[in-house]
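The opening residue of the sequence shown carries number 1 in UniProt numbering; numbering runs sequentially from there. C-beta: ideal position from N, C-alpha, C; glycine also. Here's the structure we're looking at; comments come further down.
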Amino acid sequence: MNRTLIALLAALESLLAVGIGLGITLIPLSLMWAVQLDSGIGWDVFYRAAADIWLVGHGVDLTVTLDPVLAANVGLAGAEKPFLISIAPLFFSVLTILLGVRLGRKSLESGARFVGPVAAISTFGGLTVLIALSSINANAMPTMWMALSFPTAIFGAGLFIGARGEIGHSGGRAERLQQRVTDWAFGLPLQVRAVLTSSLRGGIASAAIVVGISAVVLSVLLIANFSTILGLYEGLQGGGGGSLILTAAQLMFMPNFVMWVASWFVGTGFALGTGSSVSPVGTELGLVPALPILGAMPTADLAFGFVGLTVPIAAGFFAAFFVRPSLVRGLGGAPPCAG
1 MNRTLIALLA ALESLLAVGI GLGITLIPLS LMWAVQLDSG IGWDVFYRAA
51 ADIWLVGHGV DLTVTLDPVL AANVGLAGAE KPFLISIAPL FFSVLTILLG
101 VRLGRKSLES GARFVGPVAA ISTFGGLTVL IALSSINANA MPTMWMALSF
151 PTAIFGAGLF IGARGEIGHS GGRAERLQQR VTDWAFGLPL QVRAVLTSSL
201 RGGIASAAIV VGISAVVLSV LLIANFSTIL GLYEGLQGGG GGSLILTAAQ
251 LMFMPNFVMW VASWFVGTGF ALGTGSSVSP VGTELGLVPA LPILGAMPTA
301 DLAFGFVGLT VPIAAGFFAA FFVRPSLVRG LGGAPPCAG
C-alpha cells in the first residue's frame, strides 16, 4: 500500500473519530431543533452546544455567562456572574482513546509506521482547531489553549497505545527500540525485576478490583433508589424528549460516577460544589443539582460508612495473595520476609 493512500485512510479514520464523538450530541440536539422550528433558535446554537460538550468531554474548561434576562429569571444571587464548568464527561475521552488505539494498530499493520499516525494526528488536530474556533461565543467560551491541545493529546495517547501493542510485529526501528528496552530490563538483577513486576501487577490488580466493586455498588444504588430517581425525573417535567436527552447526558458521566464511588471507598470522597463533602467520615451537602442520578447519593452520614474503607484494603490483600507466588519464585524460592 503506497504512502499517499495510507495517509488518506488515516485522515479518514480521524475524521470518523471526530464525527462520532461530535455526532453523539449533535444528532439529538439537531432533532430537538427540527422539532422546535417555531422557537426561533438557530441551528448554530445547538451546534455550539454540541461542540462545547465535546470539548468539555476532553478536559477543556468552559466559562459560561448567562444572558442578563435569563439570569434575572433564575432568581439566584450572582447568577449574572461568569462561572466555570470544569467537570469532564469521561465518556468522550474514553471513546477518543479507544478510536485512537484502533487506528494505531491499523497504522502499523499497513507497513508505513509514521505516515499513518502523522496524518491521523494532523487531521484530528486540524478538526479540533475548527471545532474550537467555531464554538467561540460570548455566553460560552472554552479555554482556547486547552481546546487546541487536550483533545489531540488524548487522541495521540490512544494512537500511541495502539501502536505500542503492534510494535513487536512491525519490524524496523520501532521493534529495535522495543528490543533495547527489553534487553535493558532483563539486564537488571532478577530480584529487582521480580519486585518491580510484582508491584506493578499488584497495583494494577488492586485498582481494577476497587473500580470493579465501585461499578457494582453504583448499579445497586441506582436500583435501590429507583423511586427517588423517578421522582426527580417527574419533578423536572422535561417531557419524553427532555428526559431522553437528560438520561443520555447522565450516561456520558457514568465513568465519572464510578470514580466518585471509588474515591468514597478510598476515603478521600468527593465534593459537589464549594463546602460540600461526601466521604465515609461524613456527608455535608449544600445546594445539589436536580439530576435524577444524584438521587442515589447519600444525603446524611452513614452509620457504618467506615466499613467502605475496607474495600481497598481487601483489594490489596487479594492482589498481593495472587502475585506472591511469582514474587517468591523471582526471589529465589524464599519467602519475601525471610532474612
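CB contact flag (V60, T143, <8 Å): yes
Cβ pair count under 8 Å reaching 3, the region 118-138 against the region 6-18: yes
Buried or exposed (CB count within 10 angstroms, at least 16 for buried), A290: exposed
Buried or exposed (CB count within 10 angstroms, at least 16 for buried), T128: buried
Inter-residue Cα distance where the pair is L130 and I209: 40 Å
Buried or exposed by the 16-neighbour rule on C-beta atoms within 10 Å, applied to L55: buried
Whole-angstrom C-beta distance between P189 and H58, which should lie under 8 Å: Not confirmed; about 42 Å, so no contact.
Coil, strand or helix - S277 by DSSP: strand
Same chain, Cβ closer than 6 Å to V278, neighbours up to 5 away in sequence not counted: G269, F270
Distance CB(L251)-CB(L272) smaller than 8 Å: no
Span of the alpha helix (DSSP H), counted from its first residue to its last, around T197: 190-224
CA-to-CA distance, W145 to V101, given in whole angstroms: 25 Å
Residue nearest to S86 in terms of C-alpha spacing, selected from L16, I53, I229: I53
Residues of its chain near R164, where Cβ-Cβ distance is below 8 Å and the 5 sequence neighbours each way are ignored: G104
8 Å Cβ cutoff met for I97 and I154: yes
DSSP state of V64 mapped onto helix, strand, coil: strand
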